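In what follows, a single structure is set out as structure tokens and then discussed.
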Amino acid sequence: GLAALGVGLWRVVYASVFHQPAFCRRILLVGAGDSGRALVLGIRSLGQDSGIQLVGLVDDQPDVPEIAGCPRLGACGDIVRLLAEHGVGEIVVAVTGPSRMSSALVETLVQCWSRGLPVTPMPLFFEEVMGALPVEYLGQSVFALLYERSFALRRVWEAAQRLIDIVVATVGLLVLLPFLPFIALAI
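Just so you know, we're using the numbering used here here: the sequence shown kicks off at 1 and counts up by one.
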């Protein structure tokens with residue numbers, strides 16, 4: 001009974017802490033074409049518990065108001081301003097061909113990447129989040145090489161998260177240690 005109560009209480013605390021905005025991946029989507037639409041619909045299908053928050057999208061076509069509730073926040077020239085305004089933590093590029101990107105957009109994305117902001121091609125992000133590679137949207141992504149740096153940082157972050165999990169579990173066990181004989185007697 002006490003163990004079940006402890007587990008239930010832990011799940012409530014865990015859910016309330018880790019569903020805070022600080023623990024969400026805040027994504028700005030560049031491109032509202034077919035690949036952008038597929039990504040938005042894929043993320044929406046995961047639900048709110050996915051830990052991914054689509055802040056909005058940017059596209060140079062003004063006739064795209066939104067995709068499945070993901071608002072168009074401006075044109076590609078607005079990216080730098082939108083990063084600060086919306087607390088964006090990652091840019092996902094859903095433009096499948098490098099010929100479709102203006103030199104100003106490429107320059108802005110490289111500038112963001114060089115400042116440490118992850119800039120991820122849509123197919124790689126889609127594969128990471130959905131577990132499937134959208135072959136129809138692969139295109140010739142010029143940012144595939146840039147992904148390696150953010151991939152290495154993600155591996156470090158995942159290792160740090162695992163270490164935190166182990167430390168918290170150990171502390172929890174130490175806190176419950178005095179109660180273990182009573183739990184054993186109750187069983």
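Even glycine gets a Cβ: it sits at the ideal position worked out from N, Cα and C. Source: prediction; values computed, not measured.
- In this structure, the beta-carbon distance from I79 to T120 does not fall below 9 Å.
- Judged by DSSP in its simplified three-state form, L29 adopts strand.
- Residue burial annotation: P123 is buried, with at least 16 other C-beta atoms found within 10 angstroms of its C-beta.
- If you draw a straight line from the Cα of R115 to the Cα of V171, it comes to about 37 Å.
- In this structure, the beta-carbon distance from L109 to C70 does not fall below 9 Å.
- Within the same chain, Cβ atoms closer than 8 Å to the Cβ of V88 are found at R26, I27, L28, V55, L82 and L117, the five residues on either side in sequence being excluded.
- DSSP places L180 within a helical segment (H, G or I) once states are collapsed to three.
- Here G56 is bridged, per DSSP, to L28.
- Within the same chain, Cβ atoms closer than 6 Å to the Cβ of D60 are found at A75 and C76, the five residues on either side in sequence being excluded.
- Going by DSSP, V106 is part of no beta strand (DSSP E) but of the alpha helix (DSSP H) stretching over S103 to S114.
- Counting other Cβ atoms within 10 Å of its Cβ, S35 reaches 16 or more and is therefore classed as buried.
- By the 16-neighbour rule on beta-carbons within 10 angstroms, V156 is exposed.
- T120 has V92 as its beta-bridge partners, per DSSP.
- In this structure A4 is exposed. Its beta-carbon is surrounded by fewer than 16 other beta-carbon atoms within 10 angstroms.
- Per the coordinates, the alpha-carbon of L2 lies some 25 Å from the alpha-carbon of I164.
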